[in-house]
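Peer 1:
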Amino acid sequence: MFDVIVVGSGPAGVSASFPLVAAGLRVLMIDGGRENRVEPPAGQYLVERARARDQSRWMVGADFHALRQVSAVSPKLRAPTQAATFVDFSGANRVSGSNFALMGSLARGGLSNAWGCGVAALSPGELQAFPVDEGEMRASYATVSRRIGMSGAGPDDMKDYFGVDEWADQPVPLDDLHDGVMRKYSKARVGLREMGFLLGRSRVAALSTPRSGRNACDLSGMCLWGCHRGALYSSVSDLATLRDADNFTYRPGFIVDRFVTHDGYQEVIGHQGGMSEAIPGRRTVLAAGTLATTAIAMRSLGMTRPLAVQTSPTAAFLLWLPAQLGAGRRPGFGLGQLSFSLALEGGLSAFGSTFSSTGLPVAEFVRHLPLSRRYGADVLRTLLSSCILGNAFFPGSLSDNSATLLTDGTVHFQGGFATALDPALNEARVKLGKAFRRLGAWMLPGSFTPSAPGADIHYACSLPMLSDPGPGQCTAAGELFGAPGIFVADGASLSALSAKSHTLTIMANADRIGRGMAARLAG
Amino acid sequence: MKILVTGATGYIGSVFVRRALANGHGVVTASRRRSPVGEWIPYQLGDAIALSGDVDVIVHMAADTTGAINDPEAEFRAAVALMDAPSAADIPFVFVSSQTARADAPTAYGRSKWMIEQRVLARGGWVVRPGQVYGGPELGLFGTLTSLLRRLPVLPALVPGPLIQPIHVEDCAEGLLRVALMKPAGLHVIHLAAAEPVTFTEFLRRIASDRVRKRVVFIPFPTVLLRGAIYGIRRIGVSLPVLDKLDSLLDVPRVSSGDDMSALGLALRSLDDGMPKAGNGRRRLLEEGRALIGYVLRSAPSGQLLSRYVRSVESVRQGRALGLPRSMVVMPALVAAIDSPAILRNHEELRWRIDAATVIGEASPAGFRRFMRGGQREATPTAVMRLARAVLAEIAWRVVRPILAPMWLRRIGALQESARV
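Chains A and B supply the protein sequences, listed in that same order. Position one of the first sequence corresponds to residue 0 (numbering that gives the first Met the number 0), numbered consecutively onward. Position one of the second sequence corresponds to residue 0 (numbering that gives the first Met the number 0), numbered consecutively onward.
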């Protein structure tokens with residue numbers, strides 16, 4: 000019998016596994032095992048686009064993946080190189096949704112194959128909602144951050160907000176557009192800080208210096224399509240490290256449906272290639288991704304009462320820099336370059352980043368213009384090289400989603416927003432418009448677009464850790480109430496969801512939970 | 000959905016299987032020979048069959064057309080053995096019959112089909128009666144007629160000409176697939192055929208001119224003499240399935256298929272579109288790609304882009320051309336007359352095609368130059384002038400669009416309901 004079964008090979012699964020493996024425990028990791036078949040393109044985006052006759056291979060896909068997914072909520076879902084990251088998730092995990100963007104992964108490495116790489120640590124104040132020791136959490140942040148590698152450190156106004164600079168390398172260079180915005184900010188920052196707007200470099204899990212088999216970012220602009228250099232963190236690289244250990248076993252292609260707890264051990268029940276199977280283990284870590292983990296827990300414990308699920312409501316907008324009209328395209332980083340935090344009424348705050356439009360297909364924009372296609376393309380051909388994209392995330396408290404166990408074992412997610420979201424969105428739109436205008440960037444009218452519930456993919460807090468948990472909650476150690484030996488290590492067990500990027504917190508928490516389990520099992 | 004198909008290697012069957020797989024369905028073929036695609040279980044007409052538990056629907060179209068002797072009784076027993084197999088008892092059953100099926104059909108073929116139909120209906124199944132199937136692979140009666148036309152310079156034009164209601168084999172397969180998926184309640188006998196009949200001679204003429212591409216002389220020939228000939232051949236002891244089919248052809252009753260077609264949301268391609276060798280109207284799709292990609296890219300698309308466009312419509316949608324006006328093919332700028340956000344909201348298929356043209360067109364060096372200026376700088380005055388020109392053009396189209404669009408959209412609107420998979 001394995002000491003610990005870890006369900007899922009995403010950031011949470013690998014982070015929980017490291018301390019368990021280090022303690023000499025026998026660990027089995029199972030996951031959906033899907034692998035992307037379309038290789039991410041090598042080379043520079045601008046060069047490949049200008050020359051390669053077969054660019055359709057990774058932009059559209061030989062099976063026309065981009066067209067099959069034409070109405071999906073994010074360009075990531077259209078990238079042929081990411082097809083296996085998202086495929087079949089809801090069917091295999093028996094989850095459904097209404098008014099809710101339902102995304103998850105059966106792929107090796109889970110959603111970290113396609114994430115935005117934003118990293119941030121929760122402040123001591125934010126951690127107060129968690130029943131955890133702040134020092135322990137800080138140590139786990141450090142362990143995880145050092146392992147995955149990150150960049151963006153610098154003495155700017157966002158340093159404290161991110162709280163990761165002690166582990167982060169210097170940033171990858173800004174492109175000209177963002178550089179101009181940042182320069183203007185350094186002059187206008189006093190006034191902007193007064194209105195609650197802070198701007199700085201994005202802290203991202205992208206390498207600016209090479210490390211252990213991964214190359215540094217070369218500004219290829221290929222981020223959306225998958226970094227063939229490995230500069231962007233994906234837990235696939237951690238999984239490879241784990242597999243070098245003798246006491247770690249990896250079994251891809253096993254889909255978990257539920258668990259059963261027994262005296263002193265549990266069985267994880269699922270199927271592989273149509274065959275049902277129960278795998279026994281002394282402990283189990285659920286790290287299948289918030290939605291799948293929630294479904295497994297609800298199904299196993301027969302939780303008929305709906306659970307609240309948080310997401311970070313989000314909006315996107317387009318900023319035009321008139322001074323840059325006619326600018327040529329330059330190689331650059333494709334994920335967040337600058338990040339902001341914005342204070343809102345009622346003690347709320349929003350967080351967001353800005354991006355270059357260069358590595359994205361123009362088709363992503365032209366579809367949404369209120370113009371006919373040909374003239375819309377004319378406009379963007381001229382305008383887009385002087386534009387940057389922005390997004391804004393809002394705290395999970397402004398979401399209002401629920402998960403319900405249906406009689407057939409499906410778990411249904413109903414999406415929605417709190418009534419306080421609309422005023423917050425309006426306030427953010429107006430304030431961001433003002434702030435960026437001072438930085439020479441005009442928010443294009445009508446471009447500020449809120450997304451559907453769940454489209455942020457920041458699912459969390461469905462089985463929150465509390466100091467005094469009840470049904471549908473976890474202990475501070477991550478152990479699920481009513482299911483001894485079952486630990487929840489992904490977003491599901493977060494106690495609160497702020498506007499900040501939450502992946503690093505999930506990983507740190509998983510590390511902390513893994514350490515606690517290791518101490519008790521080994522001791 | 001998982002579909003068990005008998006007769007999967009036949010004319011309709013082979014097209015049906017490919018289509019079902021392309022639409023993401025599971026297919027189990029039951030046939031004597033191993034089918035090149037899908038799962039296979041060996042099956043001989045007349046055998047009982049043991050099904051695994053996950054088959055959702057059975058589509059039965061096996062008919063013994065290869066043997067020298069056509070045995071309607073055996074066919075009946077085979078169908079019954081299949082639908083009464085214990086493992087098939089609760090599985091919806093779709094039977095591919097014939098337009099000649101009648102209790103008092105003049106041929107044993109028509110009568111046996113009718114008998115099977117009764118059994119199928121009694122168990123709550125569905126009966127599909129295709130019209131004259133044509134196009135695609137040269138198999139079945141269509142194959143026989145095609146090879147006949149290839150060999151003979153002269154053919155009889157039957158007088159009085161029997162009327163047939165043609166259907167392209169791809170449309171027939173799509174119709175069958177829809178029946179299998181929708182299992183329409185209250186519609187258990189379904190005619191898959193063009194609403195408007197053509198004479199059999201006209202049908203042959205089309206095969207000759209569009210498919211075989213050959214001039215064939217038709218000499219008027221009394222239908223009654225053909226009947227006599229068939230009777231004579233039978234009398235000397237030769238019994239070929241094709242004779243039965245020919246005989247049945249002379250006896251096909253006209254059916255009103257229009258309502259069935261609309262219940263299934265199926266619009267059939269015309270003989271014009273269906274008869275050429277690329278029977279899916281590929282030429283028209285190419286023209287459509289030329290118009291739409293040319294419209295978006297502002298330059299004539301390469302052959303590679305065109306072929307990608309055609310394949311995308313074939314593999315993701317139903318593979319039918321929208322029927323853009325000729326003028327748009329000649330002058331792609333005119334597509335602007337039917338392209339506005341308001342119009343695309345109501346014309347989902349048109350929207351998909353324009354999106355496809357955009358996405359496919361962009362993913363090329365030409366697309367990079369068109370959408371991103373090849374990454375090059377642009378002087379500010381040039382940029383301002385270009386923006387102004389685009390806005391003026393947009394305004395101009397908004398003025399003329401209400402006059403031009405309705406006329407052109409009507410043609411497209413009729414087709415687009417059926418163009419989606």
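In this text, a Cβ means the ideal position worked out from N, Cα and C, and glycines have one as well. Everything numeric in this text was worked out from a predicted model, so none of it was measured.
1. Please list, in chain order, the chain B residues whose beta carbon lies closer than 8 Å to that of residue 55 of chain A.
2. Let's test the definition: count the other Cβ atoms within 10 Å of the Cβ of residue 64 of chain A and tell me whether it reaches 16, buried, or not, exposed.
3. Answer yes or no: does any C-beta atom of chain B fall closer than 9 Å to that of residue 361 of chain A?
4. Could you check if residue 102 of chain A belongs to the surroundings of the ligand ATP, using beta carbon to heavy atom distance under 8 Å?
5. Is the Cβ-Cβ distance between residue 34 of chain A and residue 78 of chain A less than 9 Å?
6. Can you pull out the residues from the stretch 379-394 of chain A whose beta carbon lies closer than 9 Å to at least one beta carbon of chain B?
7. Helix, strand or coil for residue 307 of chain B, going by three-state DSSP, please let me know.
8. Return no unless some Cβ of chain B is closer than 9 Å to the Cβ of residue 371 of chain A.
9. Give the secondary structure of residue 367 of chain B by DSSP, where H, G and I count as helix, E and B as strand, and everything else as coil.
10. Taking the Cβ atom as the reference point for each residue, do residue 189 of chain B and residue 144 of chain B lie within a distance shorter than 9 Å?
11. Given that a residue counts as buried once 16 or more other Cβ atoms are within 10 Å of its Cβ, and exposed if not, what is residue 345 of chain B?
12. Would you mind telling me which residues of chain B sit closer than 7 Å to residue 59 of chain A, beta carbon to beta carbon, in chain order?
13. Could you check whether the stretch 160-175 of chain A touches the stretch 204-216 of chain A, counting it as contact only if at least three pairs of C-beta atoms, one from each stretch, sit closer than 8 Å?
14. Under 8 Å, with one C-beta from each stretch per pair, do the stretch 275-295 of chain B and the stretch 355-368 of chain B reach the 3-pair mark?
15. Using 9 Å as the limit for Cβ to Cβ distance, is residue 279 of chain B near chain A?
16. With DSSP as the reference, identify every bridge partner of residue 348 of chain A, one or two as the case may be.
17. Got a sec, what are the start and stop residues for the beta strand (DSSP E) residue 200 of chain A sits in?
18. Determine the DSSP secondary structure at residue 162 of chain B, reduced to helix, strand or coil.
19. Is the distance from the Cβ of residue 11 of chain B to the Cβ of residue 54 of chain B below 9 Å?
20. Smallest Cα separation from residue 295 of chain A: which of A/447, A/402, A/115 and A/118?
21. Compare the C-beta of residue 151 of chain A with all C-beta atoms of chain B and state if any pair is closer than 9 Å.
22. Which word fits residue 259 of chain B, buried or exposed, when buried means at least 16 other C-beta atoms lie within 10 angstroms of its C-beta?
23. Short check: CB of residue 234 of chain A to CB of residue 477 of chain A, under 9 Å?
24. Less than 8 Å between the CB atoms is what I'm expecting for residue 387 of chain A and residue 354 of chain A, so what's the real figure, rounded?
25. May I ask you to report which of helix, strand or coil DSSP gives residue 336 of chain A?
26. Here's the rule I'm using: 16 or more other beta-carbon atoms within 10 Å means buried, otherwise exposed. How should residue 166 of chain B be labelled?
27. Which first and last residues belong to the beta strand (DSSP E) in which residue 190 of chain B is found?
28. Assuming the contact rule is C-beta atoms closer than 8 Å, residue 465 of chain A and residue 130 of chain A should be a hit. Round their C-beta distance to whole Å, please.
29. So the alpha helix (DSSP H) residue 328 of chain B belongs to, where does it begin and stop?
30. How do the stretch 247-263 of chain A and the stretch 451-461 of chain A stand: do at least 3 beta-carbon pairs fall below 8 Å, yes or no?
31. Give me the subset of the stretch 63-75 of chain A whose CB atoms are less than 7 Å from a CB atom of chain B, sorted by chain position.
32. I want to verify the contact list: residues of chain A whose CB lies under 7 Å from the CB of residue 338 of chain B, in sequence order.
33. Under 9 Å Cβ-Cβ, which residues of chain A neighbour residue 297 of chain B?
34. Reducing DSSP to helix, strand and coil, say where residue 382 of chain A ends up.
35. Looking only at its chain, what residues have a beta carbon closer than 8 Å to the beta carbon of residue 552 of chain A, apart from the 5 residues adjacent to it on each side?
36. Could I get the ranges of all uninterrupted beta strand (DSSP E) runs contained in the stretch 373-450 of chain A, with 3 residues as the minimum, in chain order?
Peer 2: In short:
1. In chain order, 307, 359, 362 and 363 make up the part of chain B whose C-beta sits under 8 Å from the C-beta of residue 55 of chain A.
2. buried
3. yes
4. Ligands displayed in this structure: none; no statement on the ligand ATP is therefore possible.
5. no
6. 379, 380, 381, 382, 383, 384 and 385
7. Reduced to three states, the DSSP call for residue 307 of chain B is helix.
8. Taking a beta-carbon distance threshold of 9 Å, residue 371 of chain A counts as an interface residue toward chain B.
9. helix
10. no
11. exposed
12. 358, 359 and 362
13. yes
14. yes
15. In this prediction, residue 279 of chain B scores a pLDDT of 48, lower than 50, which makes its location untrustworthy; the coordinate-derived value is nonetheless stated afterwards. Output row for residue 279 of chain B: interface = no.
16. A/342
17. 196-200
18. strand
19. no
20. A/402
21. no
22. buried
23. no
24. 6 Å
25. Collapsing the DSSP output to three states places residue 336 of chain A in coil.
26. buried
27. From DSSP, the beta strand (DSSP E) with residue 190 of chain B extends over 188-191.
28. Yes, residue 465 of chain A and residue 130 of chain A are in contact; Cβ-Cβ is about 6 Å, under 8 Å.
29. Secondary structure note for residue 328 of chain B: its alpha helix (DSSP H) is the uninterrupted segment 325-329.
30. By the Cβ rule, the stretch 247-263 of chain A does not count as touching the stretch 451-461 of chain A, because fewer than three pairs are nearer than 8 Å.
31. 63, 65, 66, 67 and 69
32. 371 and 372
33. 373, 376 and 377
34. It is helical.
35. One cannot answer for residue 552 of chain A here, as it falls past the ends of chain A, which runs 0 to 522.
36. Along the stretch 373-450 of chain A, the beta strand (DSSP E) occurs as fully enclosed runs of 3 or more residues at 386-392, 400-404 and 410-413, listed in sequence order.
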